[in-house]
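Asker: Positions in the sequence shown are counted from 1; adding 110 to them yields this note's numbering.
Ideal placement from N, C-alpha and C gives every residue a C-beta, glycine not left out.
Computed from a predicted structure; not experimentally measured.
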Amino acid sequence: MPRTRPAYPPEFREQIVELRRAGRSVAELAREFEPTEHTIRAWIKKADPSPLAADADRDELKRLRKENRRLQQERDILAKAAAWFARETDSVPSRPSSS
């Protein structure tokens, strides 16, 4: 099957890989420049396999931080609810049982 466009020059590929190493995301590079995310990831893998592992680590870290924030919020809500119920329970007078 013939290519629909000429191959990207090696200099261009190297520049994209360097931008990725500088911290730009693959999705951002794909939007700004013409290659697809898949193509850019292949260039990165060919140049140095470690940035892809860093992407996976970064994604997992982001997910874990989000989960941690959610769990901290739930803990804070439960602590406030427990304090409220404890306060309410202590302030309710007990009724005499001889009615």
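1) Please confirm if residue 155 has its CB atom under 7 Å from at least one CB of chain D.
2) Which same chain residues, not among the five before or five after residue 202, have their C-beta less than 6 Å away from its C-beta?
3) Buried or exposed, going by whether 16 or more other CB atoms sit within 10 Å of the CB of residue 210?
4) Mind reading off the beta-carbon distance from residue 147 to residue 157? Whole number of angstroms is fine, and I expect it under 8 Å.
5) For a test of the three-state rule: what should DSSP assign to residue 144, helix, strand or coil?
6) Pick from 145, 183, 198 and 181: whose alpha carbon is nearest that of residue 116?
7) With a CB to CB cut of under 8 Å and the five nearest residues on each side skipped, what residues in its chain are close to residue 136?
Answerer: Taking the coordinates as given:
1) In summary, chain D is missing from the structure at hand, where a single protein chain is found.
2) With a pLDDT of 48 at residue 202, under the threshold of 50, the modelled position of that residue is not reliable, and the figure given next carries that caveat. So the list is empty, once near-sequence residues are dropped.
3) In the structure displayed, the chain extends from 111 to 209; residue 210 sits before or after that span and is not available.
4) Not a contact, Cβ separation roughly 16 Å.
5) coil
6) 145
7) 130, 147, 150, 151, 154 and 165
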